[in-house]
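Trainee: Structure in structure tokens, see below.
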Amino acid sequence: MDNQLPVDKFVEIYQQLNSTNLDLLSDIYCDNIQFIDPMHEINGIVELRRYFANLYSNVKHCQFDISDSFNSGNNAFIYWTMHYAHPKLSSGKTISVEGHSKLIFKDGKIIKHRDYFNVGELLYKHIPLLGSVIKLIDKRTG
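Be aware that the sequence shown starts at 1, since it is given in full-length UniProt numbering, and climbs by one per residue.
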């Protein structure tokens, strides 16, 4: 892994990431990483590990499939599909959500990671009762 480009290393680690190997996050993220997604803003590698530990403790499984990546200078753009199953969502069935990430590198590690995805597709549509209301609204507006 030492001769890999930073974006390739990111892809490799995310495709194998799970609850037992969260120490791998330090291989790709700076200690003062800023991680932002539509529901969270996390600062620092310790908090990021805690976030992922919590994520993995609440799901039956979670996997990222990276479909494409581009990089330009210190910026990289990753396109992915997250597949996860949560016991309280969608009767425990696997949910798939497409998204993308913008990564900013400094000295070969990620200093800023921002995720973009549809929170409704990730969560809200799969909550009993609320999901039915959201699907009805989508149907009427679409």
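Virtual Cβ for every residue (Gly too), placed ideally from N, Cα, C.
Given a cut-off of 8 Å on the beta-carbon distance, is the pair Y51 and I45 in contact?
Mentor: No; because the gap between Cβ atoms is not below 8 Å, this pair is not in contact.
Trainee: Would you tell me roughly how many angstroms separate the C-alpha atoms of K109 and S91, rounded to the nearest one?
Mentor: Going by the C-alpha atoms only, they are around 38 Å apart.
Trainee: Bridge partners of S96, per DSSP?
Mentor: S96 pairs with H83.
Trainee: Could you tell me the distance, in whole angstroms, from the CA atom of S19 to the CA atom of C62?
Mentor: Distance between the alpha carbons of S19 and C62 is about 9 Å.
Trainee: Mind checking who C62 pairs with in its DSSP beta bridge?
Mentor: In the DSSP output, where bridge partners are listed per residue, C62 has Y84.
Trainee: Using the C-alpha atoms, what's the distance from D138 back to C30?
Mentor: C-alpha separation (whole angstroms): 40 Å.
Trainee: Leaving aside the five residues before and after E98 along the sequence, list all residues of the same chain whose C-beta is less than 6 Å from its C-beta, in chain order.
Mentor: T81, listed in sequence order.
Trainee: Nearest to H86 by CA position, among N74, N54, H100, is which residue?
Mentor: Closest option to H86, Cα to Cα, is N54.
Trainee: Any chance the stretch 23-40 sits against the stretch 65-74, with 3 or more Cβ pairs inside 8 Å?
Mentor: With the cut-off at 8 Å, the stretch 23-40 and the stretch 65-74 do not touch.
Trainee: May I ask you to report which of helix, strand or coil DSSP gives L103?
Mentor: It is a strand residue.
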